[in-house]
Amino acid sequence: MNQLVNENSLNNIQKQPSVIDISKKARQKLRSREYVEARQLFALGLEREPENPYLLSGMGDACREVGDFTEAENCYSTLLGVDKNNLFALRGLGDICKKLNRHQEAIQLWDRYLVLRPQDKFVMTRIADSCKILLKFERAEQVYRQILQSDSCDRFALTGLADLQHRLGKDEKAIETYERILKFDENELHILTIVGKLCWRISDFERAEGYFHRALQVEPNNPYALYGLGNCYRWYRQYDKAIETWQKILQHSEGNQALYTRMGDAYCHLGQLKEAENSYQKSLEFGQELFATAGLVCLCSERQDLEGAAHFFWLLFSADANASNQIEILVKRFVHSGLRESMLELFRYLLSVGGENRAVLDEIDTRLKRFT
304 MNQLVNENSL
314 NNIQKQPSVI
324 DISKKARQKL
334 RSREYVEARQ
344 LFALGLEREP
354 ENPYLLSGMG
364 DACREVGDFT
374 EAENCYSTLL
384 GVDKNNLFAL
394 RGLGDICKKL
404 NRHQEAIQLW
414 DRYLVLRPQD
424 KFVMTRIADS
434 CKILLKFERA
444 EQVYRQILQS
454 DSCDRFALTG
464 LADLQHRLGK
474 DEKAIETYER
484 ILKFDENELH
494 ILTIVGKLCW
504 RISDFERAEG
514 YFHRALQVEP
524 NNPYALYGLG
534 NCYRWYRQYD
544 KAIETWQKIL
554 QHSEGNQALY
564 TRMGDAYCHL
574 GQLKEAENSY
584 QKSLEFGQEL
594 FATAGLVCLC
604 SERQDLEGAA
614 HFFWLLFSAD
624 ANASNQIEIL
634 VKRFVHSGLR
644 ESMLELFRYL
654 LSVGGENRAV
664 LDEIDTRLKR
674 FT
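Residue numbers for the sequence shown, in our numbering: 304 to 675.
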């Protein structure tokens with residue numbers, strides 16, 4: 304009888320899968336993104352071998368993928384307690400720290416990883432990205448360039464470097480770096496629009512227009528490209544084409560404040576004052592905006608609606624009490640629109656009505672004396 308029991312126990316043990324088999328199957332589930340099943344298998348294996356490095360790293364990876372960062376960190380930390388130089392744990396725990404915005408810890412872990420595997424460009428890119436977040440721009444650029452020395456076409460390093468240059472205001476260099484990406488991916492929509500905006504920012508309007516057109520060939524209704532192209536037409540004083548281009552954005556979205564303000568300006572240049580007023584009013588539905596409000600002041604003054612002009616005039620100072628700056632912008636708007644006399648009439652009206660803001664009234668009086 305005892306012999307029979309022993310034989311049955313032995314058979315049961317032999318039927319159980321080995322830890323190696325459990326680990327292999329769990330890894331297969333992990334690669335297939337079947338994370339729940341993978342975790343169950345890794346947990347089964349860890350019950351039998353709680354310090355098994357393959358099971359710990361696999362369990363950490365599975366937990367990380369489903370967002371269970373606490374358990375993932377526990378697995379990687381346990382593994383590093385067993386093997387302080389375990390590559391999978393150093394990389395994985397670094398990724399967890401990055402996810403949790405602990406970038407300095409992440410960099411320290413990845414630096415330890417690179418001592419053991421110095422040519423891993425994916426970990427190097429992670430370091431550079433985290434350095435950029437921590438405003439350690441010098442090291443970020445150094446790491447990106449180190450990657451590009453061994454692989455001049457590395458997409459992640461080029462994108463990271465271009466973004467860094469863009470962030471630092473090095474627009475020409477950013478354009479050059481982005482253009483290197485476009486050489487092997489000429490239809491990258493996001494980059495086409497970024498380069499277009501950068502060219503616009505350095506006043507290379509013809510080049511900017513070219514990039515916006517290229518972006519629209521990839522996606523005809525892309526709002527960023529349409530907005531940028533409309534700005535180019537506005538710069539060329541082709542106001543009707545600017546409005547036509549911006550109207551395409553409104554066919555697919557409600558637009559934004561800057562769009563409506565610029566449309567108002569374009570309508571003003573075309574003498575379409577009702578449309579201009581509607582656009583400015585639409586801009587103000589998004590909140591107070593200096594240039595749309597100044598535009599309404601001028602429109603009301605032009606049609607002799609001094610009460611309406613005064614209403615919008617005082618709106619200019621509801622959020623910013625810098626009287627000199629606000630009035631200077633308004634004066635330039637009046638003068639450039641050929642409305643000098645309308646401006647003087649408004650200023651006289653404002654002084655006659657008066658108001659509580661003496662700084663503004665004193666500024667108006669100074670301006671009025673300067674112009675008369």
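Ideal placement from N, C-alpha and C gives every residue a C-beta, glycine not left out.
Values in this document were obtained by computation on a predicted structure and should not be read as measured data.
Per the coordinates, the alpha-carbon of G463 lies some 53 Å from the alpha-carbon of L647. In this structure, I410 places its C-beta atom within 7 Å of the C-beta atom of I430. Between the beta-carbon of F594 and that of V663 there is about 18 Å, and that puts the pair past the 8 Å contact cut. Burial is judged here by how many other beta carbons sit within 10 angstroms of a residue's own beta carbon; S645 has at least 16 and is buried. For P526, the secondary structure class from DSSP, reduced to helix, strand or coil, is helix. Annotation for D665: the continuous alpha helix (DSSP H) segment containing it runs 661-674.
Straight across, the Cα-Cα distance linking L359 with N404 is about 23 Å. Judged by DSSP secondary structure, K544 falls within the alpha helix (DSSP H) whose first and last residues are 542-553. The three-state secondary structure of K327, taken from DSSP, is helix. For the pair of segments examined, the segment 439-452 was found to touch the segment 467-481: the number of CB pairs separated by less than 8 Å reaches three. Taking 7 Å as the cut-off, the beta carbon of C601 is found closer than this to the beta carbon of S640. Assignment of L573 by DSSP, reduced to helix, strand and coil, places it in the coil class. Sixteen is the threshold: when 16 or more other Cβ atoms of the shown chains lie within 10 Å of the Cβ of S326, as they do, the residue is buried. Nearest in C-alpha terms to L653, of all of D665, L642, R643, is D665.
Taking the CA atoms as reference points, S506 sits about 42 Å from G397.
For F487, the enclosing alpha helix (DSSP H) stretches over residues 474-487. Contact between C434 and V446 holds, since their C-beta atoms are separated by about 7 Å, short of 8 Å. When the Cα atoms are used, Q520 and G384 turn out to be separated by approximately 55 Å. Cβ contact annotation for L573 (same chain, cutoff 6 Å, sequence separation greater than five): Y542, in chain order. Within the segment 391-479, the runs of alpha helix (DSSP H) that reach at least 4 residues and sit entirely inside it are, in chain order, 406-419, 424-436, 440-453, 458-470. Only exposed fits R336, as fewer than 16 other CB atoms lie within 10 angstroms of its CB. Of all alpha-carbon atoms in H555, L587, D568, the one lying nearest the alpha-carbon of W538 is that of D568. Looking at F508, D466, K476, the one whose alpha-carbon comes closest to that of H493 is D466. Note on H406: 16 or more other CB atoms within 10 angstroms of its CB, so buried under the neighbour-count rule. Take L485, set aside five residues on each side of it, and the residues of its chain with a beta-carbon closer than 8 Å to its own are E491, I494, L495, V498, in chain order. In the structure shown, K387 adopts coil according to DSSP, grouped into three states. Setting aside the 5 residues that flank it on each side, G348 is surrounded in the same chain by V322, I325, S326, A329, N355, L358, each with a C-beta closer than 8 Å to its C-beta; the list follows chain order. Under the three-state reduction of DSSP, R643 is assigned to helix.
Under a 10 Å Cβ-count criterion, C378 is classified as buried, with 16 or more other Cβ atoms of the shown protein chains found around its own Cβ.
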